[in-house]
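This report refers to the structure that appears directly beneath it.
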Amino acid sequence: MGSRRNFIEKLTVSAVGVPILYHSSNLFAAPEVPYEGPILKVAIMGLGSYGTRVAEAMKDCKRAKLVGVISGTPSKIKDWQSKYGIPKKNCYNYENFDAIKDNADIDAVYVITPNGLHKDQSIRVAKAGKHVICEKPMAINAEEGQAMVDACKAANVKLLIGYRMHYEPKTVEVIKMRKNGEFGKVKFFQGQSGFTIGDPTQWRLDKKLAGGGAMMDIGIYSINGARYMLGEEPIWVTAQETKTDPVKFEEGVDETIQFQLGFPSGAVANCLSTYNMSNLDRFFMTGSDGWVEMKPSTGYGPIKGRTHKGELDQPHITHQTLQMDGMAQLIFEGVQPIVPLDGEEGVKDMKIIDAIYKAVETGDKQNINL
431 MGSRRNFIEK LTVSAVGVPI LYHSSNLFAA PEVPYEGPIL KVAIMGLGSY
481 GTRVAEAMKD CKRAKLVGVI SGTPSKIKDW QSKYGIPKKN CYNYENFDAI
531 KDNADIDAVY VITPNGLHKD QSIRVAKAGK HVICEKPMAI NAEEGQAMVD
581 ACKAANVKLL IGYRMHYEPK TVEVIKMRKN GEFGKVKFFQ GQSGFTIGDP
631 TQWRLDKKLA GGGAMMDIGI YSINGARYML GEEPIWVTAQ ETKTDPVKFE
681 EGVDETIQFQ LGFPSGAVAN CLSTYNMSNL DRFFMTGSDG WVEMKPSTGY
731 GPIKGRTHKG ELDQPHITHQ TLQMDGMAQL IFEGVQPIVP LDGEEGVKDM
781 KIIDAIYKAV ETGDKQNINL
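See below:
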């Protein structure tokens, strides 16, 4: 029988897929392993609720560190300086952040602002010579996303999209099972992504800032999930919109969309994106030899899932901690996650979203060419 230490080491490595260990409060926490490699020095742009979540998660990172902030709210900058020990010289606003070009203490900027601002802000970061990490969706359409990709290539910097699920241990395990043929020929995927949105004045319900409605914010999880679960790219889409509150959900801001994706193998996906129903965070996939259900499938965790072989038991690690350390390892060492999260990956999702909106508008099946 192997030792407890060997068991812990095997558990940690198999769960993550990259050689990174983390703090954990559970009984089987791995011992502290000193890390002496390069540290990705990150500034967060946009100090809202998700920016705060990322900042808190980065406290446990080994390879990435929060060193700067960019915000239009002076009081938030002051609070973050105090809370995270950020020096004044690493604090910027939306007018002067181009000056990061001359700040060697910042390697990358994580853009966590409204979707409609992503393109221009990301391009400015790239022109300042810093790597760009952009929250999903990367932009409000594929044209903007491609402009971001082109700008980052021209500046010779990385463009990475905040697809945290590409590092989540249970998700990674399911993708590995599919790649190993454990589900046989995959035939069907179902993705349900939705919640009941609150404050009607928030930016997520502003067409100019959000680029749409639920599809941009939550439906993109089912789009990206269908692609990484099935391991194929869709070639057509049909879609139908339901709107019960045209006051809250104005023209161009989708409340609920059902959409169907077709894949080259003959597999199909049936998905739901909504801002008007709760308790919708579920993936299901079935193949000739097995199946998997994940519920919750994309929430902040812990993710829960089971397959025809039993429960998925990989440990929960804060998604954003894994994401930021994984991105640092990608930037410094070229270590790729099991599913890409570069700008090209983001553009693919934007092309699908564009096609979904076109299908809703026309009522016709739309071909997709990724």
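Every number in the numbering used here is 430 more than the matching position in the sequence shown, counting from 1.
All C-beta atoms, glycine included, are put in the ideal place defined by N, C-alpha and C.
Check whether the region 498 to 513 touches the region 780 to 797, counting contact only when three or more Cβ pairs, one atom from each stretch, lie closer than 8 Å. no
Those residues which DSSP pairs with Lys471 across a bridge: Lys495
Whose CA, out of Lys739, Arg634, Gly696, lies closest to the CA of Lys566? Arg634
Given Val472 as reference, the closest of Asn533, Lys617, Gly614 once Cα atoms are compared: Asn533
Straight-line gap, Leu451 to Met659 (C-alpha atoms, nearest Å): With a pLDDT of only 45 at Leu451, under 50, the local geometry of the prediction cannot be trusted, and no value is derived from it.
Neighbourhood of Gly729 by C-beta distance below 6 Å, restricted to the same chain and skipping five residues each side: Asp711
For Thr704, does the three-state DSSP call read helix, strand or coil? strand
Opening and closing residue of the alpha helix (DSSP H) in which Ala534 lies: Taken as a continuous stretch (DSSP letters only), Ala534 belongs to no alpha helix (DSSP H), as it is neither H nor E.
By Cβ distance, which residues of its chain are closer than 6 Å to Gly655, with the 5 residues on each side in sequence left out? Gly621, Phe713
Between the Cα of Gly735 and the Cα atoms of Pro599, Ala577, Ile627, which residue gives the shortest distance? Pro599
Check whether the Cβ atoms of Thr686 and Asn700 lie closer than 7 Å to each other. no
I'd like to confirm the pairing. Which residues does DSSP put opposite Trp721 in its beta bridges? Thr716
Looking at the secondary structure, which residues open and close the alpha helix (DSSP H) in which Ile605 lies? 599 to 609
Along the alpha helix (DSSP H) that carries Gln551, what are the first and last residues, could you check? 548 to 557
For Trp666, list the residues DSSP reports as bridge partners. Gly692, Asn797
Please work out which residues of its chain come closer than 6 Å, Cβ to Cβ, to Glu681, disregarding the five sequence neighbours upstream and downstream, and give them in chain order. none
Over what stretch of residues does the beta strand (DSSP E) that includes His561 continue unbroken? 561 to 564
State the beta-bridge partners of Tyr835 as determined by DSSP. Residue 835 is absent from the structure shown; the chain starts at 431 and stops at 800.
Pair within 7 Å by beta-carbon distance, Val777 and Gly546: no
Which of helix, strand or coil does DSSP assign to Thr751? helix
Closest by CA to Val602, which one among Val463, Val769, Pro732, Phe613? Val769
Beta-carbon separation of Ala581 and Ile553 under 7 Å? yes
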